[in-house]
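A.B. asks:
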Amino acid sequence: MAALNVLAVNCGSSSVKASFFSDNGKRIDFCYSDIQGDDTSGFERVIKQLLTDLGSNVPDVVGHRFVHGGSIPDSARLVDHVEHKRLTSIIPLAPLHLPNNLLALELCSTYFKVPQIACFDTSFHYTMPALSKRLPIPQSLSIQRFGFHGLNYAHIAQTLPSIIGEIATKKIVVAHLGSGASLCLMENLQSVDTTMGYTPAGGIPMGTRSGDLDPGVMMELVERYPLQQIKDLVFHQMGLLALSNGESADMRSLIASNSNHAKFAIDYFCRQVRGAIGALASKAGGIDALVFSAGIGQHSAVIREKICAPLDFLGITLDLAANQSAATRIERQGEKPIVVIPADEEMEIARIVKKVSLG
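Per this note's numbering, the sequence shown starts with residue 4, numbered consecutively.
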């Protein structure tokens, strides 16, 4: 494959990560976390800082993480006027992410006169069967489950065989646990089910997002509040922040806290993750390995231990010393693999961009 200088830009809900992959094989990483600012102002400052920090490193192509790609199967698309218009039209499907994804694209396209390629989190889940995609609502509504965090799940699918061999092609549950969080059931290294659905607000509780809610709760909120206020509640005021009675949306702060509210939020989160693992395992008829990834999944031994503690019945048993030592394999000897893989959407973006650019 011919060499390219690739800039991979990953705008999340509260951070910007980027990596410059040079044509000589070197990689430079950039990370800007805990972004503050009204609307997109904080992200605009950070992206402009990234463009300054790149210095003399000039890309031949820029790849962007787009949290939602709509119902298309494509893993990536070159962004021209038509594609930009399409991406703008689906902002309501991911209002916490897509405006920042588009902002990064627009600033980079002004700064670098090179192709800009959108890489979609949703495309990895295109392999899900109808039993996973359908919602129990009339099909005429044209609303379905999509799934998210697909770039990292794709990275894990690329990486896992080198760690656990042929087991990787069996029934695997991957827990992507960060400020945004979801789980994915893989078989043959493809997505067959996931916890997030139509938008990145569904599934398990997250930093400021509730995850799945009884539809009656949403109808009650509609009675009480205007739509814009409900959107703010759903994306900014629920999840760990609400469960801790406003103490924090950051798992690190909750773990460090001695308050009962923080303990409750942690216990609730871990219980819901365990429930999701059990649900996916029951759909698959058991699982052969468990993978932890993303900020919480990679860095928090405490959370991994709390999640795994009752999962002996699935053959999921931690080696407590390995778990504390930040090893890659953390299962007890003779038990099913439990693996920790750092999230690396940037690596997957670069891989996709090279494939799209070079054919």
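Note that beta-carbon positions come from the ideal geometry of N, C-alpha and C, so glycine has one too. Just so we're clear, the structure is a prediction, and the values are computed from it rather than from any experiment.
#1: Is it buried or exposed, residue 288, if we count other Cβ atoms within 10 angstroms and call 16 or more buried?
#2: Between the region 162-182 and the region 67-75, do at least 3 Cβ pairs fall closer than 8 Å?
#3: Can you tell me which of 26, 181, 79, 17 puts its alpha carbon nearest to the alpha carbon of residue 62?
#4: Which residue wins for smallest C-alpha separation from residue 127, given the options 232, 157, 178?
#5: What does a CB cutoff of less than 6 Å around residue 246 pick up in its chain, not counting 5 residues either side in sequence?
#6: With a cut-off of 8 Å, do at least 3 Cβ pairs link the region 196-215 to the region 160-167?
#7: Smallest Cα separation from residue 102: which of 91, 10, 110?
#8: Around the Cβ of residue 203, are there at least 16 other Cβ atoms within 10 angstroms (buried) or fewer (exposed)?
#9: Is it buried or exposed for residue 142, if we count other Cβ within 10 angstroms and need 16 for buried?
#10: Would you report the Cα separation of residue 14 and residue 298, rounded to the nearest angstrom?
#11: What are the partner residues of residue 33, as DSSP defines its beta bridges?
#12: Taking the C-alpha atoms as reference points, what is the distance between residue 318 and residue 324?
#13: How far does the alpha helix (DSSP H) with residue 147 in it extend, from its first residue to its last?
#14: Taking DSSP as the reference, what is the three-state secondary structure of residue 162?
#15: For residue 135, does the three-state DSSP call read helix, strand or coil?
#16: Can you find the residues in the same chain that come closer than 6 Å, C-beta to C-beta, to residue 123, ignoring five residues on each side of it along the sequence?
#17: If you pair each beta-carbon of the region 303-320 with each one of the region 279-288, do three or more pairs fall below 8 Å?
#18: Look up residue 119 in the DSSP assignment and give the residues it is bridged to.
#19: Output the distance between the C-alpha atoms of residue 200 and residue 149, rounded to the nearest integer angstrom.
#20: Below 8 Å on the Cβ atoms is my guess for residue 296 versus residue 344; work out the distance and round it to an integer in Å.
#21: Going by the DSSP bridge assignment, what does residue 189 pair with across the sheet?
#22: What three-state label does DSSP hand residue 80 in the structure shown?
#23: Over what stretch of residues does the alpha helix (DSSP H) that includes residue 299 continue unbroken?
#24: Measuring alpha carbon to alpha carbon, tell me which residue in 225, 9, 78, 77 is nearest residue 23.
C.D. replies: Taking the coordinates as given:
#1: Translated into the one-based positions of the sequence shown, residue 288 becomes position 285. Exposed is the call here.
#2: no
#3: Locating residue 62 in the sequence shown gives position 59, counting from the first residue. Residue 62 has its Cα closest to that of 26, out of 26, 181, 79, 17.
#4: Taking the sequence shown and counting its residues from 1, the one referred to as residue 127 is at position 124. For residue 127, the nearest C-alpha among the options comes from 157.
#5: The residue labelled residue 246 in the question sits at position 243 within the sequence shown. Hits under 6 Å: 268, 271.
#6: no
#7: Taking the first residue of the sequence shown as position 1, residue 102 is located at position 99. The shortest CA-to-CA distance from residue 102 to any of 91, 10, 110 is the one to 91.
#8: Taking the sequence shown and counting its residues from 1, one reaches residue 203 at position 200. So residue 203 counts as buried.
#9: Here residue 142 corresponds to residue number 139 of the sequence shown, with the count starting at 1. It is exposed - the Cβ of residue 142 has fewer than 16 other Cβ atoms within 10 Å.
#10: One-based indexing of the sequence shown puts residue 14 at position 11. One-based indexing of the sequence shown puts residue 298 at position 295. C-alpha separation (whole angstroms): 15 Å.
#11: In the sequence shown, residue 33 corresponds to position 30, counting from 1. Beta-bridge pairing links residue 33 to 21.
#12: Counting from 1 along the sequence shown, the entry for residue 318 is found at position 315. Counting from 1 along the sequence shown, the entry for residue 324 is found at position 321. Distance between the alpha carbons of residue 318 and residue 324 is about 18 Å.
#13: The residue given as residue 147 occupies position 144 in the sequence shown. Residue 147 -> no alpha helix (DSSP H), and no H or E assigned at all.
#14: Residue mapping note: residue 162 aligns to position 159 of the sequence shown, counting from 1. Here residue 162 sits in helix by DSSP.
#15: Numbered from its first residue, the sequence shown carries residue 135 at position 132. The answer is helix: DSSP assigns residue 135 an H, G or I state.
#16: Looking up residue 123 in the sequence shown gives position 120. Correct list, in chain order: 69, 72.
#17: yes
#18: The count along the sequence shown starts at 1 and reaches residue 119 at position 116. BP columns for residue 119 point to 65.
#19: As a working mapping, residue 200 is identified with position 197 in the sequence shown. As a working mapping, residue 149 is identified with position 146 in the sequence shown. One Cα belongs to residue 200, the other to residue 149, and the distance between them is close to 5 Å.
#20: Position 293 of the sequence shown, counting from 1, holds the residue named residue 296. Position 341 of the sequence shown, counting from 1, holds the residue named residue 344. Between residue 344 and residue 296 the Cβ distance is about 5 Å, and since that is below 8 Å, they are a contact.
#21: The count along the sequence shown starts at 1 and reaches residue 189 at position 186. DSSP, once it has assigned bridges, lists 175, 194 as partnering residue 189.
#22: Counted from its first residue, the sequence shown places residue 80 at position 77. Residue state, collapsed to three classes: strand.
#23: Locating residue 299 in the sequence shown gives position 296, counting from the first residue. Per DSSP, residue 299 belongs to the alpha helix (DSSP H) from 297-302.
#24: Position 20 of the sequence shown, counted from the start, is the residue given in the question as residue 23. The option with the nearest alpha carbon to residue 23 is 9.
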